[in-house]
DNA sequence: TTTGATTGATTGTTTATGAATGTTTTTGAT
DNA sequence: ATCAAAAACATTCATAAACAATCAATCAAA
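Protein chains in written order, with the working numbering: chain A, 6 to 254; chain B, 6 to 254.
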């Protein structure tokens with residue numbers, strides 16, 4: 006048996022049971038104990054599993070589930086800077102919508118103590134909003150467990166009862182031609198509806214979303230202002246269509 | 006059995022019962038008392054549980070980061086038994102309402118895998134519903150941060166779009182004269198409205214709520230059936246007014 | 001044939017475990 | 001409140017299992 010094949014088998018076995026003894030792996034692969042140990046060393050080096058006395062286990066057995074607030078997100082520093090500026094636009098007395106998503110989530114600590122009303126479809130936002138003593142309305146509707154967002158026709162209908170001074174929306178792609186795009190149809194519908202109900206409209210996107218296109222378009226560039234840390238090319242083209250606030254980390 | 010597997014099992018057991026004796030853990034894992042003690046030391050070190058004389062418990066509610074599901078609740082065993090029976094009444098295809106509260110929360114693990122639709126106003130229920138792969142609608146409205154419940158006129162209006170095969174409601178007080186009572190006006194309104202929208206109506210209350218009266222009455226005894234572990238006096242008087250299922254721990 | 005890499009066996013070392021020890025804490029009776 | 005018994009505890013120690021390190025054998029490529 007070849008080395009890569011054997012290591013694949015090891016990974017598969019460990020993943021399957023969440024844990025595997027050396028003896029099991031010897032039996033499964035037909036290799037010797039020494040070889041298995043060497044494989045485990047390598048696989049741990051690559052971060053694919055965790056060695057424990059007696060065998061191996063998957064990497065994160067102890068810290069089972071982290072809420073989204075605790076998850077490590079890409080470009081966290083950048084998102085925080087974007088969110089901080091966005092939050093600075095919110096004035097006492099405002100009624101605002103905060104979209105589900107990791108960038109908008111970062112706004113919440115910066116809203117602390119403000120006398121505002123927040124509506125959100127992001128379930129993972131609720132704890133943070135609570136901690137920061139912000140008056141919160143949660144959107145009703147189907148819970149999309151994967152992302153912790155509230156979606157569906159019921160949510161749209163519920164949403165239409167509100168009017169917002171400002172809304173803060175995330176996006177997965179931004180281009181000059183296609184505007185703002187996102188992969189999920191139901192979330193796209195929420196974003197679209199929200200934009201229609203808001204006086205001031207902000208899209209929060211980090212640099213990695215620029216010049217990318219996702220499956221569904223939910224708005225033209227001109228419909229909302231952008232808050233980002235992007236400073237790359239085509240900036241002039243973007244600026245012809247809408248206002249952009251560029252923040253630096 | 007490998008260390009991580011054993012420790013996972015310990016965590017799972019402790020989480021499930023909110024508390025576990027060393028002897029139980031010895032039995033469950035098949036390890037010796039010494040090993041269990043060492044594991045508990047480590048797990049406490051990692052902040053995953055709390056050691057107490059005689060065993061371990063989940064961490065105190067003092068650290069705010071725990072969801073309600075993990076908080077220590079009084080009469081947990083009893084509530085679990087009540088909830089288990091309640092969940093057994095739910096059949097595939099049902100649309101049900103689950104009220105916010107610690108007793109109703111305990112139903113969720115017993116709903117695992119059922120092909121049902123759940124509507125809830127309990128935000129702390131959402132994670133558990135997610136984990137157990139139950140299709141969930143969250144009620145929209147004002148988030149009452151103290152209890153993690155959705156309330157308010159908007160919530161009532163949102164609620165009225167639904168019709169339920171069954172509803173499972175909590176209460177803080179039950180008496181023959183005053184029926185079901187609860188301290189919070191807004192939550193009372195939710196309970197009342199829900200009862201009106203449901204075909205089968207169940208109130209889940211542990212023994213400590215019997216012959217107690219809270220501030221607001223939200224229903225007469227005859228309006229709903231009771232699931233409880235109460236076996237005290239006046240049972241005949243209660244039975245004249247409604248059906249009571251008594252469960253034993 | 002030589003070189004380098006991989007393997008499996010052997011070595012002494014380290015680690016996890018469970019039993020045994022005496023100590024502390026809890027409990028219940030006075 | 002006080003004391004004695006029981007339960008739970010921390011600590012120690014011996015042992016068996018798992019370990020890292022080493023080395024010779026094997027195999028493939030140069």
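Each residue gets a CB set at the ideal place from its N, CA and C atoms; glycine is no exception. Source: prediction; values computed, not measured.
Between which two residues does the beta strand (DSSP E) holding residue i run?
{"i": "residue 171 (chain B)", "result": "169-175"}
{"i": "residue 141 (chain A)", "result": "140-143"}
{"i": "residue 136 (chain A)", "result": "Counting along the chain, residue 136 (chain A) falls outside any beta strand (DSSP E), though it belongs to the alpha helix (DSSP H) covering 130-136."}
{"i": "residue 146 (chain B)", "result": "146-149"}
{"i": "residue 121 (chain B)", "result": "That residue, residue 121 (chain B), is in no beta strand (DSSP E); it is neither H nor E in DSSP."}
{"i": "residue 230 (chain A)", "result": "230-233"}
{"i": "residue 252 (chain A)", "result": "Element bounds for residue 252 (chain A): n/a, residue is neither H nor E."}
{"i": "residue 102 (chain A)", "result": "100-103"}
Let me see if you follow: with CB-CB separation under 8 Å, is residue i close to chain B or not?
{"i": "residue 95 (chain A)", "result": "no"}
{"i": "residue 26 (chain A)", "result": "yes"}
{"i": "residue 322 (chain A)", "result": "The structure shown has nothing for residue 322 (chain A), since chain A only spans 6 to 254."}
{"i": "residue 209 (chain A)", "result": "no"}
{"i": "residue 163 (chain A)", "result": "yes"}
{"i": "residue 81 (chain A)", "result": "no"}
{"i": "residue 212 (chain A)", "result": "no"}
With burial defined as no fewer than 16 other Cβ atoms inside 10 Å of the residue's Cβ, what is the status of residue i: buried or exposed?
{"i": "residue 155 (chain B)", "result": "buried"}
{"i": "residue 129 (chain A)", "result": "buried"}
{"i": "residue 184 (chain A)", "result": "buried"}
{"i": "residue 97 (chain B)", "result": "exposed"}
{"i": "residue 19 (chain B)", "result": "buried"}
{"i": "residue 3 (chain B)", "result": "Any answer about residue 3 (chain B) is impossible in this case: the structure gives chain B only from 6 up to 254."}
{"i": "residue 84 (chain B)", "result": "buried"}
{"i": "residue 168 (chain B)", "result": "exposed"}
{"i": "residue 39 (chain B)", "result": "exposed"}
{"i": "residue 253 (chain A)", "result": "exposed"}
{"i": "residue 9 (chain B)", "result": "buried"}
{"i": "residue 67 (chain B)", "result": "Low confidence applies here, because residue 67 (chain B) scores a pLDDT of 46, under 50, leaving its location unreliable; read the following figure in that light. By the neighbour-count rule (16 or more Cβ atoms within 10 Å), residue 67 (chain B) is not buried but exposed."}
{"i": "residue 57 (chain B)", "result": "exposed"}
{"i": "residue 69 (chain B)", "result": "Residue placement at residue 69 (chain B) is poorly supported in this model, since its pLDDT is 37, which falls under 50; the coordinates are not used for a value here."}
{"i": "residue 173 (chain A)", "result": "buried"}
{"i": "residue 240 (chain B)", "result": "exposed"}
{"i": "residue 79 (chain B)", "result": "exposed"}
Mind checking which residues open and close the alpha helix (DSSP H) that includes residue i?
{"i": "residue 246 (chain B)", "result": "240-246"}
{"i": "residue 108 (chain B)", "result": "107-110"}
Could you confirm whether any beta carbon from chain A is found closer than 8 Å to the beta carbon of residue i?
{"i": "residue 135 (chain B)", "result": "yes"}
{"i": "residue 10 (chain B)", "result": "yes"}
{"i": "residue 29 (chain B)", "result": "no"}
{"i": "residue 171 (chain B)", "result": "no"}
{"i": "residue 166 (chain B)", "result": "yes"}
{"i": "residue 128 (chain B)", "result": "yes"}
{"i": "residue 7 (chain B)", "result": "yes"}
{"i": "residue 155 (chain B)", "result": "yes"}
{"i": "residue 202 (chain B)", "result": "no"}
{"i": "residue 131 (chain B)", "result": "yes"}
Taking beta-carbon pairs under 7 Å, can you tell me which members of the segment 140-152 of chain A lie near chain B? Flagged, chain order: 141, 142, 143, 144, 145, 146, 147, 148, 150.
Ordered list of beta strand (DSSP E) runs contained in the segment 20-95 of chain B, each at least 3 residues: Those beta strand (DSSP E) runs which fall completely within the segment 20-95 of chain B and span 3+ residues are 24-26, 55-57, 60-62.
Continuous alpha helix (DSSP H) assignments of at least 4 residues falling wholly in the segment 153-223 of chain A: The qualifying runs are 158-164, 190-201.
Residues of the segment 223-254 of chain B with a CB closer than 9 Å to any CB of chain A: list them in chain order, please. From the segment 223-254 of chain B, no residue has a Cβ closer than 9 Å to chain A.
Which of the residues in the segment 43-65 of chain A, read from start to end, lie with their CB under 8 Å from any CB of chain B? Residues of the segment 43-65 of chain A with a C-beta less than 8 Å from any C-beta of chain B: 55, 57, 58, 59, 60, 62, listed in chain order.
Against chain B, which members of the segment 99-126 of chain A pass a CB distance test of less than 7 Å? Taking a C-beta cut-off of 7 Å against chain B, none of the residues of the segment 99-126 of chain A qualify.
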